[in-house]
């Protein structure tokens, strides 16, 4: 493809280490990946991290610098037959006379799309050194890459690009395109990109090609032009991937941690990304019982109401009951005493001694000495309710829970 026809993001790919933005923990002076690059001693590795943070650019830079024959594959479209062909050619290349011998570098994008069988095909070639494999993925490789293959890789995690990294990339692109970008326009493009340099450059390219140059040949990109180039912010959110689990985790931990603002932010992230409202409602219901519990018994009722609403309503209406319930749960006092009590009791049932039901508690137990609590003052009478009793419930001291304990003490005359 001709140079001038390539997308701006491809034209802006780093040509030397100094051109890279971000990833100082990997590419900074003295860091392991940089040392491997400088020594041309790259080994099989996995690069993982969010889109547009430099994984593929780094792999292609390695390809441009190494003395290896390079093959690029995408796991979303390549099959076992494609793999076997590449691996056979790599083996032949590795067996050539030393004066013509070349290593084979395979850059495998979206490696998480390969199933176990496909990954197993790669294992012998990686193990024997017939190929150097760089797998690229947006997902956590510890979940998606076979342990046997992963044990032969170096794993490098790429972080989302910071705003100053994106500004460096955008400024260089503007200079290349003979354009001036207003400060507020640059801030808008950076903010809307969510740390994804490719997304930012795609929007910037649209601005460049649709803006007429002035008399001096320079293009002026204003905020209005930038806004036209990104009509709707795209949020990265794979319902089966890491973002799904990370964001719901942040949502639950924010409710548990009594931060209503963070709670409603993560809720908004999920709703805007198209998450199933019923999935969110179930998590609120669990949190209301597990983390609020007896400190505020009404929380589970409000959460249940939100869950019922989620069964009947869709977006945009359901956002309000979900926010109502989530914020309420976040603001409530917290107690996990019921959660701990049932787990303690389950452990005793599974591992402790067997306890038969006492005669007076069995069906028809009134004829065996059972005392009906409502026949006594305060509707309470002392009698054994389990053999060799143990204490499973350790009450908390927040919200309404202390009042429940005080009532028990009062009726028992303690």
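In our numbering, the protein residues as written are 1 to 414.
Built from N, CA and C at the ideal position, the CB exists for glycine as well.
Bear in mind that the values here come from a model prediction, so they are computed numbers and not experimental data.
Taking the Cα of residue 285 as reference, the smallest distance to any Cα among 252, 49, 265 is reached at 252. A distance of 9 angstroms or more separates the beta carbons of residue 136 and residue 105. Here DSSP, grouped into helix, strand and coil, assigns residue 171 to helix. Secondary-structure assignment with DSSP links residue 73 through a beta bridge to 108. The shortest CA-to-CA distance from residue 327 to any of 263, 349, 62, 359 is the one to 263. For the options 50, 44, 69, the alpha carbon positioned closest to that of residue 198 is the one of 50.
If the five residues before and after residue 398 are omitted, its C-beta is found closer than 7 angstroms to the C-beta atoms of 295, 333, 334, 335, all from its own chain and listed in chain order. One thing to note: residue 319 has its Cβ no nearer than 9 angstroms to the Cβ of residue 361.
The distance from the Cβ of residue 189 to that of residue 250 is about 26 angstroms, inconsistent with a contact at the 8 angstroms cut-off. Under the 8 angstroms Cβ criterion, the segment 109 to 119 counts as touching the segment 64 to 84, having at least three qualifying pairs. Per the Cβ contact rule, the segment 138 to 158 is in contact with the segment 51 to 58 (3 or more Cβ pairs under 8 angstroms). Considered as a whole, the segment 186 to 231 harbours 197 to 209, 223 to 229 as its complete alpha helix (DSSP H) runs of no fewer than 4 residues, in chain order. Counting C-beta pairs closer than 8 angstroms gives three or more between the segment 163 to 177 and the segment 18 to 37, which meets the contact rule. In this structure, the alpha-carbon of residue 70 lies about 6 angstroms from that of residue 63. When beta bridges are read from the DSSP output, residue 65 appears opposite no residue. Between residue 26 and residue 58, the gap from beta carbon to beta carbon is short of 9 angstroms.
Cβ contact annotation for residue 203 (same chain, cutoff 8 angstroms, sequence separation greater than five): 189, 192, 193, 226, 229, 230, in chain order. Around the beta carbon of residue 43, fewer than 16 other beta carbons sit within 10 angstroms, so the residue counts as exposed. Per DSSP, reduced to three states, the secondary structure at residue 42 is coil, with no helix or strand assignment. Contact check between the segment 113 to 130 and the segment 139 to 153: three or more CB pairs, one atom from each, fall below 8 angstroms, which counts as touching. Setting aside the 5 residues that flank it on each side, residue 211 is surrounded in the same chain by 179, 219, 220, 221, 225, each with a C-beta closer than 8 angstroms to its C-beta; the list follows chain order. Boundaries of the beta strand (DSSP E) harbouring residue 179: 179 to 181, taken from the DSSP string. In terms of CA proximity to residue 68, 107 leads the group 107, 182, 31.
Here the alpha carbons of residue 283 and residue 369 stand approximately 45 angstroms from one another. Separation of residue 313 and residue 255 (C-alpha to C-alpha, rounded to the nearest whole angstrom) is 23 angstroms. Residue burial is scored here from C-beta neighbours: residue 261 has fewer than 16 other C-beta atoms within 10 angstroms and is therefore classed as exposed.
Distances from the alpha-carbon of residue 325 to those of 18, 17, 308 put 308 closest. Excluding five sequence positions before and after residue 83, the CB atoms of its chain that fall closer than 6 angstroms to its own CB belong to 121, given in chain order. In the structure shown, the three-state DSSP call for residue 145 is coil. Sorting 80, 131, 316 by C-alpha distance to the C-alpha of residue 95 places 131 at the top.
If only uninterrupted alpha helix (DSSP H) runs of at least 4 residues are considered, those enclosed by the segment 269 to 319 are 277 to 287, 298 to 312. Taking residue 288 as the centre and dropping the five residues before and after it, the same chain places the C-beta of 299, 300, 303, 329 closer than 6 angstroms to its C-beta, in chain order. In the three-state DSSP reduction, residue 368 falls in the helix class (H, G or I). In the DSSP annotation of this structure, residue 157 is not part of any alpha helix (DSSP H); the continuous beta strand (DSSP E) holding it starts and ends at 154 to 157. Here the C-alpha atom of residue 11 lies approximately 27 angstroms from the C-alpha atom of residue 155. If one requires a minimum length of 4 residues, no alpha helix (DSSP H) run lies completely within the segment 342 to 411.
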